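A.B. asks: Input: one structure, supplied below.
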Amino acid sequence: MTRLADKVALITGAARGIGEGIARAFHREGARVVLTDIQDELGQAKATELGERASYMHLDVRLESDWERVISKVLELQARIDVLANNAGITGFEGASDPHDPEHVSIENWRSVHATNLDGVFLGCKHGIRAMRRTGVGSIINVGSRSGLVGIPGAAPYASSKAAVRNHTKSVALYCAEQGLRVRCNVIQPAAILTPMWETLLGSGPDRALRMAEYTKDTPLRRFGSVDEVAALAVYLAADESAYTTGPSLLASARSADRNVRTGSGVAAQLHKAVQPSRRQNRAHHRKTLPILPNSARNRDASPIAPSTSSAFRSSGRRRT
Ligand SMILES: NC(=O)c1ccc[n+]([C@@H]2O[C@H](COP(=O)([O-])OP(=O)(O)OC[C@H]3O[C@@H](n4cnc5c(N)ncnc54)[C@H](O)[C@@H]3O)[C@@H](O)[C@H]2O)c1
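Spelled out as structure tokens, the structure:
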């Protein structure tokens, strides 16, 4: 398979999950791939496994100095960058159970999610465009989320950051076109894709299959999407066959259009449910604390009670992606 023969591709967040899948697919199609991540051991191992035409570099997408260092190294070694996949992203619930609803999310958590998901994409696009000016041709692929199309009360920073990624993609696409560059920029918006991001929720043991079924029961195909199914879209966007595609959002989502906006089963929404108190508990808590506590104490007290995954699993209500 040679749809990407001789192309040089840089992928962020490539140590695992969707980024790893994109790197593997690009490599299979003949590209020279540069995997980047902050999990260096894992990322290096994945590059070594791929072998020839694959390498690994540390790149924290939040840091402009990292982008400058990595891009100039790749240009020095490979002379060009043809494809950039801005995939690295976080939900904000990694190892933490703070509330992420619009009323209680801390400014630190808000900024932290945006720093990775939005600043990371902004910096990637900025330095990607500059690198691609060398040849005047290229493909920037941003990974957003269906969460960028809906409001998610319990994962507001994630939803906001992904909505902004979607919009910034269009600015980049239009800017490159105005500049006379053949650099295109598109965004893939996955729904529920089975990656390590979901592991906390799914757990192991006999209930795992039940949970998987529960989380996807309101999707037409009634299953999670696979990393390969997202990677296939990325290959299309990286290849010359998509030369006339710039600006749009491609959904990697088993949903019919009419159910698109108000239902979902995305990881951020589900993780939020797993760490949030129930609405009843929230109301009781507010009755108890709101009149007497200052803001800082109120936010601290309103932090989640972190129910078990199984209680989140049992909780009912509309699911969002
Ligand atoms: N899995 C899903 O259901 C789903 C749905 C919609 C969107 N997405 C998006 O897809 C992308 C990949 O998600 P995933 O499910 O593979 O997640 P994942 O957690 O399995 O992998 C994310 C990778 O990004 C890396 N990363 C995190 N912060 C980073 C930083 N500051 N700099 C560089 N790398 C960093 C992590 O180390 C990890 O290797 C994310 O942008 C995510 O928001 C995922």
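Throughout the sequence shown, residue numbering follows my numbering, covering 1301 to 1621 in sequence. Glycine included, each C-beta is placed from N, C-alpha and C at the ideal position. Source: prediction; values computed, not measured.
In whole angstroms, what is the alpha-carbon distance linking N1417 and A1314?
C.D. replies: For the purposes of this step, residue 1417 is identified with residue 117 of the sequence shown, where counting begins at 1. For the purposes of this step, residue 1314 is identified with residue 14 of the sequence shown, where counting begins at 1. About 15 Å.
A.B. asks: For ligand 3, is there any heavy atom lying closer than 8 Å to the beta carbon of L1359?
C.D. replies: Of the ligands one can find in the structure shown, namely ligand 1, none is ligand 3.
A.B. asks: S1445 and K1426 - do their beta-carbons sit closer together than 9 Å?
C.D. replies: Counted from its first residue, the sequence shown places residue 1426 at position 126. Counted from its first residue, the sequence shown places residue 1445 at position 145. Not in contact: K1426 and S1445 (Cβ atoms no closer than 9 Å).
A.B. asks: Where DSSP assigns a beta bridge to H1358, which residues make up the other side?
C.D. replies: Start at 1 with the first residue of the sequence shown, and residue 1358 comes out as number 58. Answer by DSSP bridge pairing, in chain order: D1337.
A.B. asks: To which residues of the same chain is V1456 closer than 7 Å at the C-beta, ignoring the five residues directly before and after it?
C.D. replies: Taking the sequence shown and counting its residues from 1, the one referred to as residue 1456 is at position 156. The question names Val, but residue 1456 is Ala in the sequence shown. Only H1400, D1401, P1402 and V1405 meet the Cβ criterion.
A.B. asks: Please classify A1309: does DSSP put it in a helix, a strand, or coil?
C.D. replies: For this step, residue 1309 is matched to residue 9 along the sequence shown. The answer is strand: DSSP assigns A1309 an E or B state.
A.B. asks: Decide yes or no for the touch test of the region 1464 to 1481 against the region 1496 to 1512: beta carbon pairs closer than 8 Å, at least 3 of them.
C.D. replies: The answer is no - the region 1496 to 1512 does not touch the region 1464 to 1481, with fewer than three Cβ pairs under 8 Å.
A.B. asks: Within 10 angstroms of the Cβ of L1510, are there 16 or more other Cβ atoms? Answer buried if so, exposed if not.
C.D. replies: Taking the first residue of the sequence shown as 1, we reach residue 1510 at position 210. Result: exposed.
A.B. asks: Using only the alpha-carbon positions, how far apart do H1358 and K1517 sit?
C.D. replies: Counted from its first residue, the sequence shown places residue 1358 at position 58. Counted from its first residue, the sequence shown places residue 1517 at position 217. Going by the C-alpha atoms only, they are around 38 Å apart.
A.B. asks: Is it buried or exposed, T1391, if we count other Cβ atoms within 10 angstroms and call 16 or more buried?
C.D. replies: As a position in the sequence shown, residue 1391 is number 91, starting the count at 1. Buried, since its Cβ has 16 or more Cβ neighbours within 10 Å.
A.B. asks: CB V1527 to CB R1482, shorter than 9 Å?
C.D. replies: On the sequence shown, residue 1527 is found 227 positions in, with the first residue counted as 1. On the sequence shown, residue 1482 is found 182 positions in, with the first residue counted as 1. No, the pair does not count as a contact, with Cβ atoms beyond the cut-off.
A.B. asks: Ignore the nearest five residues each way along the sequence and tell me which others in R1484's own chain have a CB closer than 6 Å to its CB.
C.D. replies: Within the sequence shown, numbered from 1, the residue matching residue 1484 stands at position 184. Once the five neighbours on either side are set aside, the close Cβ partners of R1484 are S1439 and T1546.
A.B. asks: Got a sec, what are the start and stop residues for the alpha helix (DSSP H) S1461 sits in?
C.D. replies: On the sequence shown, position 161 is the one that residue 1461 refers to. From DSSP, the alpha helix (DSSP H) with S1461 extends over A1456 to E1478.
A.B. asks: Can you list, in chain order, the residues of its chain whose CB lies under 6 Å from that of W1367, leaving out five sequence neighbours each side?
C.D. replies: Your numbering for residue 1367 matches position 67 in the sequence shown. Same-chain partners within the cutoff: L1423 and H1427.
A.B. asks: L1537: which of R1380, V1308, Q1479 and N1486 sits nearest, CA to CA?
C.D. replies: Start at 1 with the first residue of the sequence shown, and residue 1537 comes out as number 237. Checking every option, the nearest Cα to that of L1537 belongs to N1486.
A.B. asks: Among E1364, E1341 and N1386, which has the Cα closest to the Cα of L1310?
C.D. replies: Indexing the sequence shown from 1 puts residue 1310 at position 10. Among E1364, E1341 and N1386, the Cα nearest to that of L1310 belongs to N1386.
A.B. asks: Do H1414 and A1492 have their C-beta atoms within less than 9 Å of each other?
C.D. replies: Along the sequence shown, read from residue 1 onward, the residue named residue 1414 stands at position 114. Along the sequence shown, read from residue 1 onward, the residue named residue 1492 stands at position 192. Cβ distance not < 9 Å, so H1414 and A1492 don't count as in contact.
A.B. asks: Do R1434 and L1375 have their C-beta atoms closer together than 9 Å?
C.D. replies: Translated into positions along the sequence shown, residue 1434 becomes position 134. Translated into positions along the sequence shown, residue 1375 becomes position 75. Closer than 9 Å, so yes.
A.B. asks: Put R1353 into one of helix, strand or coil per three-state DSSP.
C.D. replies: Counted from its first residue, the sequence shown places residue 1353 at position 53. Three-state DSSP puts R1353 in coil, outside helix and strand.
A.B. asks: Using a threshold of 8 Å, is the CB atom of Y1475 nearer than that to any non-hydrogen atom of ligand 1?
C.D. replies: Here residue 1475 refers to the residue found at position 175 when the sequence shown is read from its first residue. Not so, every heavy atom of ligand 1 lies at least 8 Å from the Cβ.
A.B. asks: Flag this pair as yes or no: are the beta carbons of G1321 and A1531 separated by less than 9 Å?
C.D. replies: Residue mapping note: residue 1321 aligns to position 21 of the sequence shown, counting from 1. Residue mapping note: residue 1531 aligns to position 231 of the sequence shown, counting from 1. A contact, by the Cβ cut-off of 9 Å.
A.B. asks: Comparing alpha-carbon positions, which option in N1442, A1568, D1419 and R1328 lies nearest L1550?
C.D. replies: Looking up residue 1550 in the sequence shown gives position 250. It is N1442.
A.B. asks: With a Cβ-Cβ cutoff of 9 Å, do S1355 and L1335 count as a contact?
C.D. replies: As a working note, residue 1355 is residue 55 in the sequence shown. As a working note, residue 1335 is residue 35 in the sequence shown. Yes, the pair counts as a contact, with Cβ atoms nearer than the cut-off.
A.B. asks: In this structure, does DSSP put P1490 in helix, strand or coil?
C.D. replies: Working through the sequence shown from its first residue, we reach residue 1490 at position 190. The answer is strand: DSSP assigns P1490 an E or B state.
A.B. asks: In the structure shown, what three-state DSSP assignment does R1332 receive?
C.D. replies: Within the sequence shown, residue 1332 is the residue found at index 32, counting from 1. Note: R1332 maps to strand in three-state DSSP.
A.B. asks: Along the beta strand (DSSP E) that carries N1417, what are the first and last residues, could you check?
C.D. replies: Within the sequence shown, numbered from 1, the residue matching residue 1417 stands at position 117. Note, N1417: premise wrong, no beta strand (DSSP E); not H, not E.
A.B. asks: Return the Cβ separation of D1360 and I1381 in integer angstroms, given the expectation that the two are a contact with Cβ distance under 8 Å.
C.D. replies: Counting from 1 along the sequence shown, the entry for residue 1360 is found at position 60. Counting from 1 along the sequence shown, the entry for residue 1381 is found at position 81. With 8 Å as the limit, D1360 and I1381 do not qualify as a contact, their Cβ atoms being about 18 Å apart.
A.B. asks: On the DSSP letters alone, give me the boundaries of the alpha helix (DSSP H) that S1623 sits inside.
C.D. replies: This structure cannot settle anything about residue 1623, because the visible part of the chain is limited to 1301 through 1621.
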